[in-house]
Amino acid sequence: MSELSGLLAIWEREFRVFLREKSRIFASLLSPLMWLFIFGGGVGSALSTSSFNYQTFIYPGIIVMSCLFTSIFYGAYVIWDKRLDFLKEVIVSPLSRTTIFFGKALGGVTDAIIQASVLVLLGPIFGVHYGWFLIPLYAVLFIMITGLVSIGLIIGSLMESPEGFGLITSLINFPLFFLSGALFPLDNLPSWLKGITLMNPVTYGVDAVRSLMLGTSTFGLFKDVLVLIAFAVIIVVIGAWTFSKMKV
Amino acid sequence: MLIEIKSLTKKYNSFVAADHINLSIKSGEIFGLLGPNGAGKTTTLMMLSTLLKPTTGTAIVNGFDIIKEPSQVRKSIGMVFQEPSSDELLTGYENLKLHTMMFGVPANLREQRIKEGLELVGLTAEKNQLVKKYSGGMRRRLELARGLSHHPKIIFLDEPTLGLDPNAREQIWAYIKKLVKKENVTIIITTHYMDEADRLCDRIAIIDRGKIVAIDSPENLKRKIGGDIIQLKFKGERNLNSLKKLKFVKKIDKFENGAALTVSDASKHLQEILKVIGTVESVEMRTPTLNDVFLHYTGKEYHQNGESPEGGFFEKAMTYRARSK
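Protein chains in written order, with the numbering used here: chain F, 92 to 339; chain P, 6 to 330.
Pasting the structure below:
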């Protein structure tokens, strides 16, 4: 019972801090909007994919990108907690490290879901009409973000400096994004490139979101969700384990 | 015994931060760990609060083994860290609420505990301000209130007045004393301020280079020196050996341009000492302070450095040189 209230406490703290850092919310929305309207508008005017306008095609991919960047970046806050010595205050509490990990992860999932929701609101611009699909959509986002936030937390728990964190995560973020099919269809890729994208968990997130929003899918929603669940479970287990080993 | 420290040791490669520390601390006392920076005080506290694993040895805190039952130990203690560890983007109240939730204070008692804590440290009026707007002293007081809010049996205070101005220090001391009177807690405090240890603590352990060199009440420690201190300043070399023949001179510590003598019945024997040593530049006679106690047990002058907890670069370089000599 006290573990549960501790988990809620950590989650609540992350949420309050998130709401108080307005510039952080604003800045992290700017990048997906630029991708959508500038990149999408520009490239879209030069080519057309089979049945969709290019902007519409990348729209689900950009939602996933926003989730990806926000989630991974969230791990940096672990480093700030170390720097501010706030982490010591959390670690010296009777809570288990697993609870601390889940509290933190839940905080990150909340942040990313809120930002994704802002982008989901743009749906009508791209011809997406809301309906029951929103429920499975949020379930898919939740599972995928849980895995991605955990990656961020793992890196954050292992590193000491925000600069190092930035360097490592940019090495992870961009391959995960570019090799996910967010910006191009996977069907006609050369086989080496397709092989790499198939190993990227984000690919299945993009495919699932695209399938729910636009009704087109490469792998089928069922397979997407299975892969995402497996991904999230594995990373969460690793994350909880690294937190238990984390030094302050 | 509320805390029983058994041969607690922490090694970092070849550097021994805490060297076979043995201590027993009774319930209800204010116990001080006194020593210069880098003596191993914080390391000891970190091990007692289960944040750091000992290399060898262990300790029993409130009946729980720090290695085998860390979670139970953490439930029994409240910790106020040397560095500020509250969240700046939360208000004072929110920091306290977060703490009570993490430390398992039942929901129906939380508001009461937070209110009590804020009142004790005089922050009720500022409770809804963000912590980043607090002064250093206010922040320390908030963290003091936070450390108490789950009603621990034992409170660890790591350098509670480090970096605070004299006014804020007096306030913190007053709060600590008030606290002991009001709640029945045991307090372990680390400090490198002699006056702080002298004013607050029932008993003191003097630590130097990871080892405990003396344990007793401040009064007894000073009494054990066995006399008053006569501090002499002079230029050039003097024959101090002739002083050793005088039986009321208990101890001679030689410095550059002077010496400190421990003398029984100093006022009576001052004349005689000056006769032996000749003309001096100045004479100072006083009852011993903890400073003299430290000198007595370690043979070193006490250097306190209030600027930074680790000591500045220069000081580190100097201690490094001193160590390698």
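Heads up, the beta-carbon is just placed ideally off N, CA and C, and yes, glycines get one too.
Within chain P, partners of residue i - CB distance below 9 Å
i	result
Gly111 of chain F	As written in the sequence, residue 111 of chain F is Arg, which differs from the Gly given in the question. Per Cβ cutoff of 9 Å: Leu94, Leu95 and Leu135.
Val108 of chain F	Asp92, Leu94 and Leu95
Alpha-carbon to alpha-carbon, residue j and residue i
i	j	result
Ile65 of chain P	Asp221 of chain P	21 Å
Ser122 of chain F	Leu210 of chain F	11 Å
Phe334 of chain F	Lys58 of chain P	16 Å
Lys336 of chain F	Asp315 of chain F	32 Å
Leu81 of chain F	Ser76 of chain P	This structure leaves residue 81 of chain F out entirely; chain F is present only between 92 and 339.
Asn172 of chain P	Arg145 of chain P	13 Å
Gly3 of chain P	Lys137 of chain P	Residue 3 of chain P falls outside the range modelled here, since chain P spans only 6 to 330, and no answer is possible.
Ala323 of chain F	Gly152 of chain F	19 Å
Val328 of chain F	Asp170 of chain P	47 Å
Leu280 of chain F	Phe268 of chain F	16 Å
Ser340 of chain F	Lys132 of chain P	Past the boundaries of the shown model lies residue 340 of chain F; chain F is included only from 92 to 339, so the question cannot be answered.
Ala150 of chain P	Ser241 of chain F	33 Å
Ser91 of chain P	Asn100 of chain P	7 Å
Ser154 of chain P	Gly33 of chain P	18 Å
Phe36 of chain P	Arg208 of chain P	5 Å
Thr61 of chain P	Phe161 of chain P	22 Å
Thr309 of chain F	Met156 of chain F	18 Å
Extent of the continuous beta strand (DSSP E) to which residue i belongs
i	result
Val66 of chain P	Thr61 to Val66
Val218 of chain P	Lys216 to Asp221
Val268 of chain P	Gly263 to Val268
Gly247 of chain F	Where Gly247 of chain F is concerned, there is no enclosing beta strand (DSSP E), although the alpha helix (DSSP H) it sits in stretches over Leu225 to Leu249.
Asp233 of chain P	Asp233 to Lys238
Glu289 of chain P	Ser287 to Arg291
Ala173 of chain P	Ala173 of chain P -> not in any beta strand (DSSP E); alpha helix (DSSP H) instead, spanning Pro171 to Lys187.
Ile159 of chain P	Ile159 to Asp163
Thr195 of chain P	Thr191 to Thr196
Val21 of chain P	Phe20 to Ile30
Leu13 of chain P	Ile8 to Tyr17
Lys152 of chain P	Note that residue 152 of chain P corresponds to Gly in the displayed sequence, not to Lys. Where Gly152 of chain P is concerned, there is no enclosing beta strand (DSSP E), although the alpha helix (DSSP H) it sits in stretches over Gly141 to Leu153.
Ala130 of chain P	Neither: Ala130 of chain P is in no beta strand (DSSP E) and is coded neither H nor E.
Asp92 of chain P	It is not in any beta strand (DSSP E) - Asp92 of chain P carries neither H nor E in the DSSP assignment.
Boundaries (first-last residue) of the alpha helix (DSSP H) holding residue i
i	result
Asn100 of chain P	Gly97 to Met107
Ala167 of chain F	Ala167 to Arg174
Lys179 of chain F	Phe177 to Ile182
Leu300 of chain P	Leu295 to Thr303
Phe313 of chain F	Leu312 to Lys336
His274 of chain P	Ala271 to Ile282
Gln77 of chain P	Pro75 to Ser81
Met52 of chain P	Lys46 to Leu53
Ala273 of chain F	Careful: Ala273 of chain F lies outside any alpha helix (DSSP H) and carries neither H nor E.
Glu124 of chain P	Ala112 to Leu125
Asp200 of chain P	Met199 to Leu205
Asp278 of chain F	Neither: Asp278 of chain F is in no alpha helix (DSSP H) and is coded neither H nor E.
Beta-carbon contacts of residue i that lie in its chain and below 6 Å, excluding the five residues immediately before and after
i	result
His301 of chain P	Ile230
Val21 of chain P	Gly215
Ser271 of chain F	Asn291, Val293, Thr294 and Val297
Gln309 of chain P	With a pLDDT of 48 at Gln309 of chain P, under the threshold of 50, the modelled position of this residue cannot be trusted; read the value that follows with caution. Around Gln309 of chain P: His197.
Asp203 of chain P	Pro223 and Leu295
Arg291 of chain P	Ile234
Lys158 of chain P	Asn67 and Ser81
Close-in-space but distant-in-sequence residues of the same chain around residue i (CB under 8 Å, 5 per side omitted)
i	result
Lys31 of chain P	Met6, Leu7 and Thr191
Ala196 of chain F	Thr237, Val240, Ser241, Leu244, Val327 and Gly330
Met250 of chain F	Ile170, Phe256 and Ile259
Other residues of its chain near residue i: CB distance less than 7 Å, five sequence neighbours each side excluded
i	result
Leu138 of chain F	Tyr145
Glu286 of chain P	Lys238, Phe239 and Lys240
Ile71 of chain P	Met52, Leu53, Thr55, Thr63, Ala64 and Val78
Ser140 of chain P	none
Ser269 of chain P	Gly231, Gly232, Phe253 and Lys255
Chain F contact residues for residue i, given Cβ-Cβ distances below 9 Å
i	result
Gly109 of chain P	Met92, Ser93, Glu94, Ser96, Gly97, Ser184, Pro185 and Leu186
Glu88 of chain P	Leu175, Asp176 and Lys179
Amino acids of chain F, ordered along the chain, whose beta-carbon sits closer than 7 Å to that of residue i
i	result
Met106 of chain P	Ser96, Gly97, Leu99 and Ala100
Glu164 of chain P	Within chain F, no residue comes near Glu164 of chain P; the closest Cβ sits about 13 Å away, beyond 7 Å.
Contacts that residue i makes with chain A (C-beta to C-beta distance below 8 Å)
i	result
Val339 of chain F	Absent here is chain A; the protein component of the structure consists of chains F and P.
Chain P contact residues for residue i, given Cβ-Cβ distances below 7 Å
i	result
Arg104 of chain F	Asp92, Leu95 and Leu103
Closer than 8 Å at the beta carbon, the chain F residues around residue i
i	result
Glu99 of chain P	Arg104 and Arg107
*If contact means a Cβ-Cβ distance below 7 Å, which residues of the segment 291-313 of chain F contact chain P?*
If the cut-off is 7 Å between Cβ atoms, the segment 291-313 of chain F has nothing near chain P.
_chain F contacts from the segment 71-84 of chain P (Cβ-Cβ distance under 7 Å)_ = Only Ser76, Arg79, Lys80 and Met84 from the segment 71-84 of chain P bring a Cβ to less than 7 Å from some Cβ of chain F.
*Interface residues of the segment 54-71 of chain P facing chain F [CB-CB below 9 Å]*: Of all residues in the segment 54-71 of chain P, only Ser54, Thr55, Leu56 and Leu57 place a beta-carbon less than 9 Å from a beta-carbon of chain F.
_Using a Cβ-Cβ cutoff of 8 Å, what residues of the segment 185-204 of chain F are near chain P? List them in chain order._
Answer in chain order: Pro185, Leu186 and Ser187.
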